[in-house]
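Q: Questions regarding the structure given below will be posed in turn.
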Amino acid sequence: MPQQRAADWVDEREVVSLTRTLVQIPSVFNPEVPGANEERVARFIEDYLRQMGLTVSYQEVVPGRPNVIAVLDTGRPGKTLLFEGHTDVVTAGDLDSWSYDPFGAAVESGRIYGRGSCDTKGNVAAAIAAVHALMRSPGNLNGKIVLCIPCDEEGLMIGIKDFIRRGWANGVDGAVICEPEDNQICVSQKGAMRAMVRTYGKMAHGAMPLTGINPNTKMARVIVALEELEAFEKARLGEHPLLGWPSITPTIIKGPVKGEPQINVVPQECMTTLDIRTVPGQDHAVLRRQMEDTIERLSQRDKEFKASLEVIEERPWTATDPEDPLVRAVARAYRDVSGKEPVYNGVPGATDGTFLHQAGVPIVTTGAGDRYIPHHVDEWVDIAQLVETARIYAQAAVAFLNEEA
């Protein structure tokens, strides 16, 4: 079948029905609530993909938190394309603040409302519908398509890490990360470092602070010094054309770290968490040393200053060459489906694609949904855009696997 007709096989009703069903199966991870995880929605997806005729693997990463992986093998030699989208969603928060049932998947004014409709169950449904369309189409497709639908993208990304650890990413030639980006073609992503700084003092009466050592004022110096480091990095790198500015952001400040705080007590210890976002041109190891050097300089100026830095997790920034065959295939698909020129952009946060990129897989992030809507009350996705996404995915698969880009 001619490549430009691949989109015609996408079933709009399937896209809408599948999205609504996925939203209606809550998958907010909560270790304190039995069954509050991705298991039930993953089981549904597993059955759905088996009924489509795909080869399906259901693999628990940890108890109750599975990955679902499906393979469409055309039987013809060629490349392997991966579509990736996660099953977990964030909490709905205060239910009274919602205008719609967060797990009702209400349809109104051309939108589907509900937690995960935008991030990213709608795009999971679009990827599945795209593969289903290609299976129904009479055209010859080369190579393989892998659907990776993992758990825990919203947390520590244990799902995609397990996928890679088990060897599933080996031999993958390109991956489309199915996230809400208004169908813009995102060829770069910010990296992330999560860190914790602790300053240590001596507990004392608030009326006699000189009998103790106040870790809060020590932490204030750390925060100001890190703000100066952030300004240095901004001046050194400038504003990235797709990702904007790098940042070092204190997010949680806690003192005391343990026990009840009291207004007339100088605490023994203070803790601050840092959400650090990096851009191409930054080396995480160098940035870590710069932060350690910052703490060391403060200790040299003040004999009572004592602090520690712990990096909890790192996610590297990513960049895919716009001339990569995957990018060209997605861009061609976008033109064919929409009749417009694609808009290129970057992802302001990290996705599961971060670790696929680290594993050597070229990635493009694109999908339906206003990129500012995820995690909001009354989360929604536009149905027309979602159907367009499924068509873009189908067209991109043909362009990439049959090397028509």
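Per our numbering, numbering of the sequence shown is gapless, rising by one per residue and ending at 411. Here a beta-carbon is modelled for each residue, glycine too, at the ideal position from N, C-alpha and C. Bear in mind the structure is a predicted one, so any value in this text is a computation, not a measurement.
1) From MET7 to VAL404, what distance separates their C-alpha atoms?
2) Buried or exposed: where does ASP125 fall if 16 or more other Cβ atoms within 10 Å of its Cβ makes it buried?
3) Given a threshold of 16 other Cβ atoms within 10 Å of its Cβ, counted over all protein chains shown, does PRO215 qualify as buried or as exposed?
4) As a quick exercise: from ARG46, PRO256 and VAL152, pick the residue whose alpha carbon is nearest that of GLY177.
5) Say whether the region 43-58 touches the region 145-163, bearing in mind that this needs 3 or more beta-carbon pairs closer than 8 Å, one atom from each stretch.
6) Is the region 289-300 close to the region 191-205, with three or more CB pairs under 8 Å?
7) Relative to the C-alpha of GLY180, which residue among ALA313, ASP388, ALA335 and HIS290 is closest?
8) How far does the beta strand (DSSP E) with PHE50 in it extend, from its first residue to its last?
9) Is MET58 closer than 8 Å to MET163 when the C-beta atoms are compared?
10) Answer yes or no: does any C-beta atom of chain C fall closer than 8 Å to that of ARG334?
11) Given LEU407, which residues of its chain have a CB within under 7 Å of its CB, disregarding the five upstream and five downstream residues?
12) Going by DSSP, which residues form a beta bridge with SER194?
13) Can you have a look at ILE258 and say buried or exposed, based on whether 16 or more other CB atoms are within 10 angstroms of its CB?
14) Between PHE169 and ILE75, which are expected to be in contact by the criterion C-beta below 8 Å, what is the C-beta distance as a whole number of angstroms?
15) When you compare the region 100-113 with the region 380-397, are there three or more beta-carbon pairs, one atom per stretch, that lie closer than 8 Å?
16) I'd like to confirm the pairing. Which residues does DSSP put opposite HIS211 in its beta bridges?
17) Between the C-alpha atoms of LYS240 and HIS290, what's the straight-line distance to the nearest angstrom?
18) What first and last residue would you give for the beta strand (DSSP E) that runs through THR371?
A: On the basis of the coordinates in this document:
1) Bear in mind that a pLDDT of 38 at MET7, under 50, signals an unreliable position, so the model cannot answer this.
2) So ASP125 ends up on the buried side.
3) Classification for PRO215: exposed.
4) Scanning ARG46, PRO256 and VAL152 for the CA closest to the CA of GLY177 turns up VAL152.
5) By the Cβ criterion, the region 43-58 is in contact with the region 145-163, since at least three pairs of Cβ atoms, one from each stretch, lie closer than 8 Å.
6) With a cut-off of 8 Å, the region 191-205 and the region 289-300 count as touching, because enough Cβ pairs lie within range.
7) The shortest C-alpha separation from GLY180 is found at ALA335.
8) Unbroken run through PHE50 is the alpha helix (DSSP H), 45-58; no beta strand (DSSP E).
9) Cβ atoms of MET163 and MET58: not closer than 8 Å.
10) Absent from the structure is chain C; it holds one protein chain and no more.
11) Around LEU407: GLY84, LYS85, LEU87, LEU147, ASN148 and GLY149.
12) SER194 pairs with ALA325 and GLY352.
13) With fewer than 16 Cβ atoms within 10 Å of its Cβ, ILE258 is classed as exposed.
14) Confirmed, about 7 Å.
15) They touch, by the three-pair rule.
16) Beta-bridge pairing links HIS211 to VAL271.
17) Rounded to the nearest angstrom, the two C-alpha atoms are 15 Å apart.
18) 369-371 is the extent of the beta strand (DSSP E) around THR371.
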